[in-house]
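A.B. asks: In full-length UniProt numbering, the protein residues as written are 1 to 236.
Every residue gets a Cβ at the ideal spot worked out from N, C-alpha and C, and that includes glycine.
Note that the structure is a prediction, hence the values are computed from the model and not measured.
1) For residue 211 and residue 133, which I take to be in contact (beta-carbon distance under 8 Å), what is that distance rounded to the nearest angstrom?
2) Ends of the alpha helix (DSSP H) at residue 54?
3) Determine, using beta carbons only, whether residue 224 and residue 97 come nearer to each other than 9 Å.
4) Leaving out the 5 sequence neighbours to the left and right, which residues in its chain are closer than 6 Å to residue 123 when beta-carbon positions are compared?
5) Taking residue 41 as the reference, give the member of 15, 58 and 29 with the closest Cα.
6) Can residue 26 and residue 51 be called in contact, C-beta distance under 9 Å?
7) Could I get the ranges of all uninterrupted alpha helix (DSSP H) runs contained in the region 157-188, with 4 residues as the minimum, in chain order?
8) Count the other CB atoms, across all protein chains shown, that sit within 10 Å of the CB of residue 179; report buried if there are 16 or more and exposed otherwise.
9) Quick check on this structure: which residue in 54, 57, 136 and 48 has the alpha carbon closest to the alpha carbon of residue 190?
10) Residue range of the alpha helix (DSSP H) that residue 144 falls in?
11) Have a look at residue 128 and residue 61 and give me their C-alpha separation to the nearest angstrom.
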């Protein structure tokens, strides 16, 4: 069995004295693990960094075996954000959430494209908005999408300001009325092209984080990865 694909390196760990086991998010084969012979060498250290874009060749005797990868670096990302602690935390959080949420060997083309686009934007102006939208895409891809297109009460598409923590549906400020304090804030930048300031970015990650915790995490039966909490903590 063998295939060729492209993918994002999510994680690497040593395997024996000279090899490494890597986990990738590939375009056509989803989250996939395999051995890289010689992967623990100094030569491979700059290649096998989280977030790296790789050309992949996988081979195994049987499809159910872990198999081995031959990899070629096409784009390094960790080194590009090394001096930006927040962007580096965003890279770590995205990789950790992919490992956490995605089933093995199941293609997720929409999320894969969104992840490549996000990682290429890290550190650029407005990337936190891209990250928040990416978490909403992750929720949708895993079966927990929110309905942010129109007000659940009136059907209005303008003035959306809150999300129900029970249903994941948006409502306008007028429709929320006296119940607004019980709802989650919906930053305008998640439903329009508006930029997210620091407070809006915190609100955006609080919104997606609520559903990651109460819907996705509870369905998986494990807590969310610490890397996401570290990203949120850096926002203050």
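C.D. replies: The structure says:
1) Residue 211 to residue 133, Cβ: 14 Å. No contact.
2) Residue 54 -> not in any alpha helix (DSSP H); beta strand (DSSP E) instead, spanning 53-59.
3) Taking a C-beta distance under 9 Å as the contact criterion, residue 224 and residue 97 qualify as a contact pair.
4) 81, 84 and 87
5) 15
6) no
7) 173-176
8) Around the CB of residue 179, fewer than 16 other CB atoms lie within 10 Å, so the residue is classed as exposed.
9) A check of alpha carbon separations from residue 190 across 54, 57, 136 and 48 identifies 136 as the nearest.
10) Segment: none, residue 144 is in no alpha helix (DSSP H) and carries neither H nor E.
11) 43 Å
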